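Asker:
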Amino acid sequence: MTCLGTGDALGVPAPLCDCEYCTESDRRRRPGLLVESGDTTVLLDVPPDVTEGLHATGTTSLDGVFATHAHYDHFHGVHELNHTQYEQHVWNEDDYDHPHPLADDLTVYGNDSVLKHVHSQTPHLTERLDFEALNLGEEEQVGPLTVEPFRVDHGGPLFHTQGYVVTGPSGDDGGSGPSAETAAVAYAPDANSLDPNPLPSVDLLFVEGSLLGPELHADAEELREQVARVDADRVVPTNVSEHQAELHTAALEAHASDLGYEVWEDFQTAVV
Ligand SMILES: [Zn+2]
Ligand SMILES: [Zn+2]
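Under this note's numbering, the first residue of the sequence shown carries the number 571, and numbering increases by one thereafter.
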């Protein structure tokens, strides 16, 4: 898996900001997680920076896109993906020596609130992208990967939100080895609270950065208690911002480490 963005809604640097934390920190893009197994690639959340993230990771096809909710920082990259479906944008495909990757059909999964948002606010997106409902209690199989939503309470500004657990064969060979075991990753940015009970054991948990303070979406202590009850080998905060925390990167990393969490940088990867 590759984290396409470790930042919060603003990203780092924040727009128009010249504070010491923005000017002296590496860039943090908006949240998104790419999960790959063999030839299968799924994307959790579609940040506005998605095109850059897909290029940076060498990704030229997606087998499924899963939105946690439709707030700008998690979802509006869907307009970028919509452009991949325009025939007139690939008119010169014969000039390339491979079929143009932009022509593949693409399905975007989300809960009923996400679909309602799309149909009411940006109905033109449904002309080229396929939007499918995926609600609590359902799951979607994409190649060797199983994607299952779990309940997350967003907090303000409210949007009906869900996290995702992705399970699949462990290892970096896409599970083609003879003794493939199962690996799991959970992804829940923008959480005011989450119920740890339905979550399985996971190798990695990406979760709301209010864990670190400042408390963007959640009370830090309460969220830490909930996260501690998840059986997760590693915990990586999302929505990280030196600007919001008023800490330089090294201090933020040390703070996270003291709490038992890992602060990642954009495009950091893990194999589980
Ligand atoms: Zn700043
Ligand atoms: Zn949000």
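No residue lacks a Cβ here, since even glycine has one placed at the ideal position from N, Cα and C.
Note that this is a predicted model, so its numbers are computed, not measured.
1. Return the CA-CA distance between Gly-725 and His-787, expressed in angstroms with no decimal places.
2. Considering only residues of the same chain and omitting the five flanking positions on each side of Ala-790, which have a CB-CB separation below 8 angstroms?
3. Measuring alpha carbon to alpha carbon, tell me which residue in Leu-614, Glu-795, Arg-599 is nearest Glu-718.
4. Comparing C-alpha positions only, which one of His-813, Ala-840, Ser-827, Phe-837 sits nearest to Ser-595?
5. Grab me the residues of Ala-703's own chain with a C-beta within less than 8 angstroms of its C-beta, minus the 5 sequence neighbours each way, in chain order.
6. Measuring CA to CA, which of Ala-637, Val-616, Gln-711 is closest to Gly-575?
7. Can you check which of these residues, Val-806, Ala-753, Leu-604, is closest to Gly-623 by C-alpha distance?
8. Which residues count as close to ligand 2 when the rule is a CB under 5 angstroms from any of its heavy atoms, in chain order?
9. For Arg-599, count neighbouring C-beta atoms within 10 Å of its own C-beta (all shown protein chains included) and say buried if the count is 16 or more, exposed if not.
10. Check the C-beta distance from Val-620 over to Gly-647 and give it rounded, since I have them as a contact under 8 angstroms.
11. Hey, out of His-825, His-818, Glu-816, whose CA is closest to Pro-807's CA?
12. Please determine if the region 730-739 and the region 692-700 are in contact, where contact requires at least 3 C-beta pairs separated by less than 8 angstroms.
13. Can you grab the Cα-Cα spacing for the pair Cys-589 / Glu-835, in whole Å?
14. Going straight from the alpha carbon of Asp-675 to that of Glu-710, what length do you get?
15. Who are the near neighbours of Asp-700 in its chain, counting only those whose CB is closer than 8 angstroms to its CB and skipping five residues on each side?
16. The beta strand (DSSP E) with Tyr-679 in it runs from where to where?
17. Would you call the CB atoms of Ser-763 and Val-722 closer than 9 angstroms?
18. With distances taken Cα to Cα, identify the nearest neighbour of His-639 among Thr-819, Phe-720, Asp-633.
19. Starting from Gly-602, trace the alpha helix (DSSP H) both ways and give me its first and last residue.
20. Using a Cβ-Cβ cut-off of 6 angstroms (strictly less than) and excluding sequence neighbours within five positions of His-641, which residues of its own chain qualify?
21. Considering only their Cβ atoms, is the gap separating Pro-739 from Glu-751 smaller than 9 angstroms?
22. Relative to the C-alpha of Ala-584, which residue among Phe-837, Leu-793, Val-810, Ala-840 is closest?
23. Look at the alpha carbon of Leu-774 and the alpha carbon of Thr-572, and state the distance between them as a whole number of angstroms.
24. Counting C-beta neighbours from all protein chains within 10 Å, is the total for Gly-881 16 or more, i.e. buried, or is it exposed?
25. According to the neighbour-count rule (16 or more other Cβ atoms, all chains shown, within 10 Å of its Cβ), is Leu-586 buried or exposed?
26. Return helix, strand or coil for Ala-826, following the three-state DSSP convention.
Answerer: Once the coordinates are examined:
1. For this step, residue 725 is matched to residue 155 along the sequence shown. For this step, residue 787 is matched to residue 217 along the sequence shown. Gly-725 and His-787 have their C-alpha atoms roughly 6 angstroms apart.
2. The residue you call residue 790 lines up with position 220 of the sequence shown. Answer for Ala-790: Ser-780, Leu-781, Leu-782, Gly-783, listed in chain order.
3. Here residue 718 refers to the residue found at position 148 when the sequence shown is read from its first residue. Checked all of Leu-614, Glu-795, Arg-599; the closest Cα to Glu-718 is Leu-614.
4. Locating residue 595 in the sequence shown gives position 25, where the first residue counts as 1. Ser-595 has its Cα closest to that of His-813, out of His-813, Ala-840, Ser-827, Phe-837.
5. On the sequence shown, residue 703 is found 133 positions in, with the first residue counted as 1. Correct list, in chain order: Tyr-679, Gly-680, Asn-681, Asp-682, Leu-685.
6. Here residue 575 refers to the residue found at position 5 of the sequence shown. Ranking Ala-637, Val-616, Gln-711 by Cα distance to Gly-575 puts Val-616 first.
7. Counting from one through the sequence shown, the residue named residue 623 turns up at place 53. Nearest of Val-806, Ala-753, Leu-604 to Gly-623, Cα basis: Leu-604.
8. His-641, Asp-760
9. If you number the sequence shown from 1, residue 599 lands on position 29. Flag for Arg-599 reads buried.
10. Numbered from its first residue, the sequence shown carries residue 620 at position 50. Numbered from its first residue, the sequence shown carries residue 647 at position 77. Rounded, the Cβ-Cβ distance is 3 angstroms, consistent with contact.
11. Locating residue 807 in the sequence shown gives position 237, where the first residue counts as 1. The shortest Cα separation from Pro-807 among His-825, His-818, Glu-816 belongs to His-825.
12. no
13. Here residue 589 corresponds to residue number 19 of the sequence shown, with the count starting at 1. Here residue 835 corresponds to residue number 265 of the sequence shown, with the count starting at 1. Using only the alpha carbons, I get a separation of about 20 angstroms.
14. Position 105 of the sequence shown holds residue 675. Position 140 of the sequence shown holds residue 710. Their backbone Cα atoms lie some 17 angstroms apart in a straight line.
15. One-based indexing of the sequence shown puts residue 700 at position 130. Scanning its chain for C-beta atoms nearer than 8 angstroms, with the 5 sequence neighbours on each side dropped, one finds around Asp-700 the residues Asp-675, Leu-676, Thr-677, Val-678, in chain order.
16. Here residue 679 is taken as the residue at index 109 of the sequence shown, counted from 1. Unbroken beta strand (DSSP E) run through Tyr-679: 677-680.
17. On the sequence shown, position 193 is the one that residue 763 refers to. On the sequence shown, position 152 is the one that residue 722 refers to. Contact flag set, yes.
18. Residue numbering aside, residue 639 sits at position 69 when the sequence shown is read from its first letter. Checked all of Thr-819, Phe-720, Asp-633; the closest Cα to His-639 is Phe-720.
19. Indexing the sequence shown from 1 puts residue 602 at position 32. Note, Gly-602: premise wrong, no alpha helix (DSSP H); beta strand (DSSP E) at 602-607.
20. Stepping through the sequence shown from its first residue, residue 641 is reached at position 71. Hits under 6 angstroms: Phe-729.
21. Looking up residue 751 in the sequence shown gives position 181. Looking up residue 739 in the sequence shown gives position 169. Yes, Cβ-Cβ distance for Glu-751 and Pro-739 is below 9 angstroms.
22. For the purposes of this step, residue 584 is taken as the residue at position 14 of the sequence shown. The option with the nearest alpha carbon to Ala-584 is Val-810.
23. Here residue 774 refers to the residue found at position 204 when the sequence shown is read from its first residue. Here residue 572 refers to the residue found at position 2 when the sequence shown is read from its first residue. When rounded, the distance between both Cα atoms is 12 angstroms.
24. Because the chain spans 571 through 842 in this model, residue 881 falls outside it and cannot be assessed.
25. On the sequence shown, position 16 is the one that residue 586 refers to. When all chains shown are included, Leu-586 counts as exposed.
26. Position 256 of the sequence shown holds residue 826. In the structure shown, Ala-826 sits in a helix (DSSP, three-state: H, G or I).
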